[in-house]
Each structure stands twice: as structure tokens, then as C-alpha cells.
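Here UniProt numbering is used: the first residue of the sequence shown is 1, the next is one more, and so on. We put the CB at the ideal spot given by N, CA and C, even for glycine. Small disclaimer: the values here were computed from a predicted structure and weren't measured. Written out below as C-alpha cells is the structure these notes cover.
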Amino acid sequence: MALAAAGGGSGGVLNGFFGQFSSDRLRDHCDSGIDTITLSFVTSSPENEPSGLPGTNFAGHCWSGTYTNDDGVESDLQSNCYWMKQDIPYCKARGVKILLSIGGESSLTGYSYDVGSDKNGESFADFLYGAFGPYNSHWKGPRPFDIDDTHHTSVDGFDFDIENAYDNHPYIAMIDRFRSVDPSLMITGSPQCPLLKPYAYMSEMIQAAAFDRLNIQFYNNPGCNAAPDSALLPVDDETDITNSLGLSNKFNYDDWEKVLANSDASQGAKIFIGLPASPDAAQNGYLTPEQMKYLICKYQNRPHFGGLSLWDISYGSSNVIDGKTYQDHALEGLQYGCSAVTTPTSKTSARKTKTKSKSKSKSKATTTSAMRTTLATTSAVPTTTSAHFGQDVYIQQHDRALSHCCIQRLHQEDYFSIRHGSVCLAYNLRFVMGNLTPQLRDLSQADFDLSFCYRKDFETWK
């Protein structure tokens, strides 16, 4: 396939998420040439915590210890992130911007970052700016990243990773507040790639709030991923392949260009193509370095292209291919553009049908799940349902990696989603719908929520 640009750099830069996996140090990633590191996550809003303080979760990157409020009520706001405190100044001195992300996939953690009103959103923004922004002697609240009382550390901005169907307006109020308090802050968003309801969780924010960048998650969503997942297709289905590198024709980058062009407030925002940094970092959507560089080459001249965003750089540092980490390959692709693309060797080089999870995260809140499910056969799927619309619906899948799943939402004609843990698995209706009972098929146009799912071991997840 001929590409428009014959060579030269793309001008794009690299963002990487950090904080949910491994116990490596932040500074280990700051001499690579990375532009921005986004710390994940602020997991709960003040109104959803008994202490009235927001909660954070940086997994193994912080030691035990949290703040208490003025009444002595313990919070989930971590106070003992020793190495992060030390490393943030190191990274910033090397020109790396440090952002703090709010949200993530939290449906099963007991946390909620929902914000109930615009006023609460403004108060939430004020707290985050006072706690994590530039030091102000008038601020008497916690300063989680300050090294001590005289050595102060701040982030360069905030990221919004809203992965639940929360009202967008309070988040818009938060962003507006950040903009009015400190115009120098970088404000980014990390939406998932679907553009249709009910999964377009940030659509109103992107329309009405001024973002600098969007780190779009083109993974864990086979309906719009850059890479197809053969485990979700019939074994003889090749319609999802568009070129010799196995990239998907469902990749909706150009649709996102149109979204920004028509935005009231984010027309100047840049799009960062979000990818997993390892096959183990996400349920699906991983690209080989060869595919990733091809993608950069193909899209680098789009008006809103800004670079790549990786989930997560701890995984990427452990994913060494041909002597280079995944981040190294990403930076190479961004630096050299089409000159970094090599001749493809296999049409299906990245069509993995089975992977193993190696996540060591002890985090309570992540944007992905390491669970893998293989559905690459066309055998019948025995089903049972619990009666009618509005009630819980279950699919019993025999001889599968999962023994119990529940359908969270069924919508549109081309796919539906099964929710398990923190990952939505999209299945092609041409493959699956013929195996569902007529009763369940009648629900294919419905949109409804479930209150709980059952795990393989029948443990109830509230």
C-alpha cells in the first residue's frame, strides 16, 4: 500500500501512563525521550469518600499511609509515595511533563469518581490544584507529592479518563475551573474509541470543554481498535483485515478527526493514538512494532495527529523486541515517520488467538483487565436467560475460559458487548447471534444495565 509521506519525522510525541503496574521507578522512564507521563489514578471524588477527601491509587508505587481529615477520619488519599516524590522533579528537569489522571475503570473496585454537581466539580478541581498543583502558602490541605515542607513538587496538568456513564457537566465545570485558575495547565482526556452511546462516556466533555490532547484508547474495543482480534471473529472471516500488516478497517481515527473539527471547545486538540504497550497490558488491540510504525506513517499528516499514548510504560519497558523496549520502538516511529517502516513479512503476524496474563498489579483500579478469552470456533453457545428486559441476563458458556458472563448492554445491529470485570468484549453478531435464544435475540436493540455479574468461581461481584 503506497503511503503519502516518503520519509522524515512525524513531529508526534509520546505519552505514557504510569502507576498501576510493577514497582519500577518513575525516573526509569524519563531519559528515553518521552514527552509526557500520566500518573494513574485519582480514583474517587470527595463526595464519595467518608473523609471528604478524594482517593488515589498508585498500586505498588506507594507505601502504606493515607491522610486523615480534620476530624481524624482516614481517607484513601495516599500520603507515602516516597519514590514518586523524589522522581517527579528528576523527570521535570529533563523536560518530561507530568500529568495526574482522574478516573479509570473502577466498576468493581468500590470507588466512584462521579461528581454530582457543577459546584462539586469546581470544589474538586480546587482541591486537586491545591494538593497537586504549584505550591501556594495559602493552601493548608494535603500536598501528597511534596518531598518535605520546603521542597515542593507539582504536576503540569490533569487527565480525565472517564469510563463510566457519569454526567459530563460537572467534569466540564472542573476543566473550566482549571483553565480559569491556571491557563498554563495541560488538560488531556483519555476516552475510549467508541463514538456511539452508551459507550461514548466523554462525548459532551469533548464538545464543550477545552482539551489540549485526547489519548484515545484504541484497544479493548474491537469495534474501533487499530488491530483486529481473531479470537472475536469466525476462523474464516478476513473482512476485518485491510493490509498486509493486519490492521483493522474498523479503526475510527478519521471519525475522531471530525469530532474535534466540530467541537465547540476542542478544535485545537491533538489526537494521541492509544495502544497497549504489551500483549499483556490489555485484553486486545496490541500492535507489533512493525504495525505501530506503519500506523504512525499512515496517520502522521492528519490535521490533529499528536503522537502515541501507551498503556502502560511499565509493561512497555518489559516488552523487549529486537533489543528495544516497546517505548523505544514507539519513539523511533515518531522520530523517523515513514522511514521507520519496514517491509511486512506476514499478513497475520499480529493475529493472536491466545495470550497469557502476567499482570502483577495489586491495584484496586485499572483501565484494563488481564483476563483472556478465546472464542475462535463456531460451535453453539448454550444459553440461559433470566426472563425479560430490565432483568439480569446470563449466558452460560461451556468449555470456555469464562463459565459465567453477563450481558451489560446489547445495542445496534453489528455487535453487542459482554461485560466481565473491567473489560468489554465485543463479539461479531454474524458469528454469535445465530446461537442465542430467540428471547435473547429480541433484546439485541435494548440498552440496559446490570447490577452484578458472576465470576467463573461464582463469586458475586457487586
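Around residue 225, the same chain offers 193, 218, 219, 248, 250, 251, 284, 285 as residues with beta carbons nearer than 8 Å, after the five sequence neighbours per side are excluded. Using a Cβ distance threshold of 7 Å, residue 56 and residue 78 count as a contacting pair.
As computed with DSSP, residue 15 is found in a beta bridge with 36, 309. Residues 26, 27, 30, 37, 98 of the same chain have their beta carbon placed closer than 7 Å to that of residue 91, with the five preceding and five following residues left out of the count. Residues of the same chain with a CB within less than 6 Å of the CB of residue 276, apart from the 5 flanking positions on each side, are 219, 282, 285, 286, 311 in chain order. A contact is defined here as three or more CB-CB pairs under 8 Å, and the stretch 190–209 fails this definition with respect to the stretch 138–151. With contacts defined as CB atoms closer than 7 Å, residue 161 and residue 188 fail to qualify as a contacting pair. In the structure shown, residue 285 falls within a coil segment according to DSSP collapsed to helix, strand and coil.
Boundaries of the beta strand (DSSP E) around residue 276: 270–276.
Beyond the five residues adjoining it in sequence on each side, residue 263 comes within less than 7 Å, by CB distance, of 206, 207 in the same chain, given in chain order. Closest in C-alpha terms to residue 147, from the list 83, 45, 294, 186, comes 83. Secondary structure at residue 328: helix, using DSSP grouped into helix, strand and coil. With a 10 Å radius around the Cβ and a threshold of 16 neighbouring Cβ atoms, residue 291 comes out buried. Residue 279 has its alpha-carbon roughly 21 Å from the corresponding atom of residue 253. Excluding residues up to 5 positions away in sequence, 188, 269, 270, 272, 306 lie with their Cβ nearer than 7 Å to the Cβ of residue 213 in the same chain. In the structure shown, residue 147 adopts coil according to DSSP, grouped into three states.
Membership of residue 97 in the beta strand (DSSP E) is indicated by the continuous run 97–104. Straight through space, the alpha carbons of residue 322 and residue 168 are spaced by roughly 44 Å.
Taking the Cα positions, residue 150 is about 24 Å away from residue 54. Taken atom to atom, the span from the alpha-carbon of residue 172 to that of residue 319 is near 37 Å.
Of the residues 209, 112, 259, 294, the one whose Cα lies closest to the Cα of residue 227 is 294.
Nearest Cα to residue 113 within the set 181, 130, 165, 301: 165.
Residue environment: residue 74 is assigned as exposed (fewer than 16 neighbouring CB atoms within 10 Å of its CB, all protein chains considered). Across the structure, residue 136 and residue 129 are spaced so that their CA atoms are roughly 10 Å apart. Looking from the CA of residue 101, the closest CA among 296, 185, 181, 43 belongs to 43. The beta carbons of residue 32 and residue 17 sit about 15 Å from each other, so the pair does not count as a contact at 8 Å.
At a Cβ-Cβ threshold of 7 Å, residue 174 and residue 125 count as neighbours.
Of the residues 259, 216, 89, 302, the one whose Cα lies closest to the Cα of residue 156 is 89.
Within the same chain, 208, 209, 210 come within 6 Å of residue 265 by CB-CB distance, once the 5 residues on both sides are set aside. The three-state reading of DSSP puts residue 111 in coil, since its state is none of H, G, I, E or B. Ranking 309, 87, 300 by CA distance to the CA of residue 257 puts 300 first.
When beta bridges are read from the DSSP output, residue 55 appears opposite 44. In the structure shown, the three-state DSSP call for residue 320 is strand.
Sequence-distant Cβ neighbours of residue 94 in its own chain, meaning closer than 7 Å and more than five residues away, are 30, 31.
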